[in-house]
Every structure is written in C-alpha cells, then in structure tokens.
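Residue numbers for the sequence shown follow this note's numbering, so the first one is 1 and each next one is one higher.
All residues carry an ideal CB built from backbone N, CA and C; glycine is no exception.
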Amino acid sequence: MSERSEDETENVYFGENGDENGADARRRRNILSVPVSIDVIVGAARMTVEELLNANTDTIIKLDVHIDDPVVLKIGQRVVARGELLEVDDDPSMLAVQITEVIDEPTP
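1) Can you say whether GLU8 is buried or exposed, counting buried as having 16 or more other CB atoms within 10 angstroms of its CB?
2) On the DSSP bridge list, what partners appear for ARG78?
3) Identify whether ASP24 lies in helix, strand or coil by the three-state DSSP scheme.
4) SER2 to PRO35, Cα distance in whole Å?
5) From the DSSP output, in three-state form, read off LEU52 for me.
6) Which residue's Cα is closest to the Cα of ALA81: ASN54, ALA25, ALA23 and ASP39?
7) If we ignore side chains and look at the alpha-carbon of each, how far apart do ILE41 and LYS62 end up?
8) How is the beta strand (DSSP E) around ILE41 delimited, first residue to last?
9) When you compare only the Cα positions, how much space is there between LEU52 and ARG46?
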C-alpha cells in the first residue's frame, strides 16, 4: 500500500472537484463544524493520597508552574497550542486564553 501526502489524503476524503455545493463539500463542512472540547491546562501537582484526603476548603495546592508560564491547550491528549490567561474585558470575573503559540504537529 502506498503512502499518500496530506493533500492527497484530504482530496480522497473531501473530493477533488472543488464543487462547494457538492456532496464532498457538504461532508467537509459537516466534519469541520463538529464541536470539540479544548482543555486548558494551568499546571499539575503531586500529592499523596493521604494529603488529598486531608485537604479541606482552605488547603492550598502548589502547582509546578509560575504565574507567568504559558498554559497548555489540549484536544484529547494532544497538545495543540500554548497561551496566556487573561481576564475577559467586559467581565473581569471570567477568564480567557490568548493563543501565543500554535503547535504545527500536535504531540501526545
């Protein structure tokens, strides 16, 4: 079996005719409109089970990152971007992420 380039693979799945109203174009639009969940990873911590069981509402858990470190954006288990946490302008109680780096080849 021969390997196909990314462009050839896209043509197999989405059609080569360029007809924006054809079945291939509709299929492509349907696939591209599927919502995905993006996880924003701020940091991680290691604790023993005992420490976790002893945690209460006042417990502070130290993360393995600094305040200015970028957050990681993941889809499933793949890192797709990095970014910076920001307050939403019209609602400072909400957070947003400004993407600072897009990962060209997502990694696990």
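So, to answer that:
1) Because the pLDDT of GLU8 is 49, which lies under 50, any placement of that residue in the model is unreliable, and the number read from its coordinates should be weighed accordingly. Looking at its Cβ environment, which holds fewer than 16 other Cβ atoms inside 10 Å, GLU8 is exposed.
2) ILE75
3) helix
4) Its pLDDT being 45, under 50, SER2 is placed unreliably in this model, and the value from its coordinates should be taken loosely. Taking the straight line from one Cα to the other gives about 32 angstroms.
5) helix
6) ASP39
7) 14 angstroms
8) 39-41
9) 10 angstroms
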